[in-house]
Amino acid sequence: MLRLIIRELLFRKGHALLMLSGLVSVSALATAYFTTEKAATKETTRVARDLGFNLRILPRETDMDAYWFQGFSDHTMPEASVDKLASADGVFMTFNHLMASLRQKITIQDREVVLVGVAPTVTSPDKKKRPMGFSIEPGNLHVGHQVGLRLGLKAGDTLTVSGRDFNVERVMVEYGTEEDVFVYGSLKDVQALTGMEGRINEIKAIDCLCLTSDQDPASILRAELEKMLPDAKVIQDRVQADARARQRQMVQKKFAFLSPFLMTVGAVWVAVLSMLNVRERRSEIGVWRALGKGGISLGGMFLGKAVLLGLLGGLIGFWIGNVLAVNVGPGIFQVTAKAIQTEWSYLLWSIIATPVLAGAAAFIPAMMAVVQDPADTLRES
Amino acid sequence: MLICESLSKHYRSGKGTVRSLDRVDLKVDRGDFLVIKGHSGSGKTTMLLALGAMLHPTEGRVMFDGKSLYDLPQNERARIRARSIGFVFQMFHLIPYLSVLDNALTAVENPSATESVQRSKSLLRELGLGDRLEHFPHQLSAGEKQRAALARAMMPNPDVILADEPTGNLDPENALEVCRHLKKFQEQGGTVVFVTHGDAASSFATRTISLKNGRLLSSSDDASDA
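Quick note, the sequences are listed as chains P and G, same order. Numbered according to this note's numbering, the first sequence spans residues 10 to 390. Numbered according to this note's numbering, the second sequence spans residues 571 to 796.
Following this line, the structure appears as structure tokens:
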């Protein structure tokens with residue numbers, strides 16, 4: 010049968026090329042689209058991550074009025090709370106990138122600054138994601154822009170805090186937030202400087218919920234935390250969380266619109282051409298019937314043709330789509346240009362999905378060929 | 571071998587019911603060269619397709635070697651067509667994308683078998699197409715096309731060949747040649763039912779019948795002897 014299909018394809022080259030071009034177009038557009046979309050998703054994730062932590066886990070008894078006025082909790086919780094939270098069942102389904110910190114006000118050279126001790130960020134062991142935030146080796150400090158400016162500090166200088174000398178590893182750029190008057194150090198150093206060994210007063214995190222607009226994330230987060238860390242409470246930065254969700258949903262909506270559109274156009278194209286093929290081959294179908302060929306053989310000839318072209322279209326389409334995405338994509342999608350790269354997993358998808366699409370679209374025309382009354386066509390011609 | 575019992579085929583059209591075949595009784599014996607004559611629209615092709623297990627009659631039945639064809643399941647009828655019945659059409663109906671050799675091989679169950687290929691080549695040489703084996707239908711003359719179609723019909727060594735106006739598109743010389751090949755098939759034990767509106771095949775017939783408006787008019791035996 011394969012031989013017959015190939016002979017027919019070579020004989021009706023124009024028709025075969027039209028059908029192939031449709032399948033190649035669908036596959037190429039899908040490959041190019043999904044490749045750039047994947048890059049956009051990666052970039053969205055990066056941008057969303059760069060927005061920073063959007064959850065603050067605080068000691069339960071924290072007075073929120075005081076917290077918002079001074080920027081940290083007066084109460085503390087054990088440093089082991091992070092490990093307890095990280096080891097709770099399913100925690101990383103809700104919370105991720107857990108960064109423990111201790112914030113206290115101290116005086117450096119007669120001016121108050123916020124000293125922040127940070128511990129290395131804890132992430133899900135299953136997901137190999139780069140941890141958010143930053144870590145600081147003991148003995149080093151990262152100095153906020155305003156503090157650095159006032160004290161005339163630059164990287165490599167020494168800064169004395171509460172009688173102990175530290176290496177200024179970095180003077181941060183101007184963020185235009187309260188972080189400009191922060192001085193970051195390792196959690197252990199800050200605990201020692203403030204006499205609060207083994208204590209923290211905040212865990213920053215990111216929520217992993219992908220909720221729709223009608224769901225209330227805060228209540229879900231609180232309920233989850235209650236089970237895992239009853240001595241703490243969680244505050245969500247709603248503006249930032251909404252921005253993350255909107256960005257993510259925007260990409261998903263684009264995807265949700267374009268993929269059925271591509272599939273429909275491709276399927277209609279193949280179906281119409283297959284129907285034309287069946288019409289053109291009416292007398293041939295009659296002859297095959299007269300020669301004793303059954304419905305399975307006849308249907309197989311038309312479906313087989315579509316599937317074979319789908320396979321070829323999938324291969325060529327992947328190649329063209331990939332070339333388009335990798336070479337033309339960066340010029341069009343400049344924001345995500347660096348993230349666009351060949352996605353080999355789409356090759357498998359392309360050579361599976363395109364024949365399936367072609368076969369499904371050619372199914373009705375193939376059935377038309379099978380049920381066609383051969384006597385009609387032979388009597389007409 | 572082939573028996574029609576009160577065979578009728580009616581079609582509905584805008585002008586009412588068309589009786590393409592109207593209670594036809596006919597017996598075709600093994601070794602017959604039966605010519606069915608009639609004008610266009612007389613029901614000849616309908617008759618041939620009904621005899622060939624291709625067209626379900628409205629009434630009556632067709633018996634083939636004792637089996638009522640249209641009481642058999644569809645796949646069984648297809649098997650009978652593949653093994654026992656060869657068709658030849660006025661418009662040749664060769665598969666346009668296959669060579670002459672491959673067209674002939676479409677009629678066998680295992681076209682890649684060596685014996686099938688050898689038989690096909692030998693048959694095509696007998697029919698004067700030895701130098702046309704790899705040619706495609708569009709590269710052949712009308713006479714050559716019909717001989718290729720004849721080879722296809724003969725390939726499975728059928729019991730009967732049903733020929734629908736096989737000389738209708740041929741010049742007298744080629745028409746005669748096709749008739750000679752069919753006659754040879756009949757003389758070697760085959761059966762031929764030859765439908766025509768002309769007289770080209772009359773001299774080869776063992777029996778001639780006429781159809782008019784779907785009804786059998788007359789029957790004459792051994793026309794070739796006359």
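Cβ atoms here follow ideal geometry from the backbone N, Cα and C, with glycine treated the same way.
Helix, strand or coil: which one does DSSP assign to residue i?
i: T169 (chain P); result: strand
i: V182 (chain P); result: coil
i: T766 (chain G); result: strand
i: K579 (chain G); result: strand
i: T761 (chain G); result: strand
i: K213 (chain P); result: strand
i: H106 (chain P); result: strand
i: F634 (chain G); result: strand
i: H708 (chain G); result: helix
i: D251 (chain P); result: helix
i: K782 (chain G); result: strand
i: D795 (chain G); result: Only weak support is given to the placement of D795 (chain G): the predicted model assigns it a pLDDT of 39, under 50, and the question is left unresolved by the model.
i: I573 (chain G); result: strand
i: M376 (chain P); result: helix
i: P87 (chain P); result: strand
i: V678 (chain G); result: coil
i: N176 (chain P); result: strand
i: E629 (chain G); result: strand
i: L29 (chain P); result: helix
i: H751 (chain G); result: helix
i: E352 (chain P); result: coil
Since residue i is in the alpha helix (DSSP H), which residue starts that stretch and which ends it?
i: M205 (chain P); result: Careful: M205 (chain P) lies outside any alpha helix (DSSP H) and carries neither H nor E.
i: Y76 (chain P); result: M73 to Q79
i: G713 (chain G); result: A712 to M724
i: E17 (chain P); result: L11 to F20
i: R298 (chain P); result: R291 to A299
i: D687 (chain G); result: The question names Asp, but residue 687 (chain G) is Val in the sequence shown. Element bounds for V687 (chain G): T684 to E696.
i: L625 (chain G); result: Per DSSP, L625 (chain G) belongs to no alpha helix (DSSP H) and is neither H nor E.
i: L618 (chain G); result: K614 to L621
Looking only at DSSP bridge pairs, what is residue i linked to?
i: A241 (chain P); result: P:P68
i: Q113 (chain P); result: P:L124
i: G656 (chain G); result: G:I731
i: Y7 (chain P); result: The structure shown has nothing for residue 7 (chain P), since chain P only spans 10 to 390.
i: V131 (chain P); result: P:L107
i: F270 (chain P); result: Note: F270 (chain P) sits in no beta bridge, so no partner.
So is residue i in contact with chain G if we call contact Cβ pairs under 8 Å?
i: A299 (chain P); result: yes
i: L387 (chain P); result: yes
i: M376 (chain P); result: no
i: G303 (chain P); result: yes
i: A384 (chain P); result: yes
i: V379 (chain P); result: no
i: V287 (chain P); result: no
i: S133 (chain P); result: no
i: S292 (chain P); result: yes
i: F20 (chain P); result: yes
Of all the CB atoms in chain P, is at least one closer than 8 Å to the CB of residue i?
i: S794 (chain G); result: For S794 (chain G), the pLDDT reaches just 43, beneath the cut-off of 50, and the residue's location in the model is therefore unreliable, although a value from the coordinates is still provided. No, S794 (chain G) lies away from the interface with chain P (no Cβ there is under 8 Å from its Cβ).
i: I665 (chain G); result: yes
i: R777 (chain G); result: no
i: T628 (chain G); result: no
i: L710 (chain G); result: no
i: R651 (chain G); result: yes
i: F659 (chain G); result: yes
i: M624 (chain G); result: yes
Taking residue i as part of the beta strand (DSSP E), name the residues at either end of that continuous run.
i: L703 (chain G); result: From DSSP, L703 (chain G) is part of no beta strand (DSSP E); its letter is neither H nor E.
i: L596 (chain G); result: G586 to V598
i: L321 (chain P); result: That residue, L321 (chain P), is in no beta strand (DSSP E); its alpha helix (DSSP H) goes G304 to V332.
i: H154 (chain P); result: It is not in any beta strand (DSSP E) - H154 (chain P) instead sits in the alpha helix (DSSP H) that spans H154 to L160.
i: A733 (chain G); result: V730 to D734
i: K607 (chain G); result: F603 to K607
So is residue i in contact with chain B if we call contact Cβ pairs under 8 Å?
i: E17 (chain P); result: Annotation note: the requested chain B is absent from the structure, which comprises protein chains P and G.
Round the Cβ separation of residue i and residue j to the nearest angstrom and send it over; I've been treating them as touching at under 8 Å.
i: V605 (chain G); j: F764 (chain G); result: 5 Å
i: Y193 (chain P); j: V127 (chain P); result: 6 Å
i: M617 (chain G); j: R298 (chain P); result: About 18 Å; that fails the 8 Å criterion.
i: M284 (chain P); j: M377 (chain P); result: 7 Å
i: P728 (chain G); j: S638 (chain G); result: Wrong, their Cβ atoms sit about 19 Å apart, outside the cutoff.
i: M725 (chain G); j: V658 (chain G); result: Their Cβ separation, rounded to whole angstroms, is 12 Å, which puts M725 (chain G) and V658 (chain G) out of contact at 8 Å.
i: E146 (chain P); j: S195 (chain P); result: 6 Å
i: R651 (chain G); j: G622 (chain G); result: 7 Å
i: S82 (chain P); j: E211 (chain P); result: 6 Å
Is any heavy atom in the ligand ATP found nearer than 7 Å to the beta carbon of residue i?
i: H84 (chain P); result: In the structure shown, the ligand ATP is absent, as is every other ligand, since no ligand is present at all.
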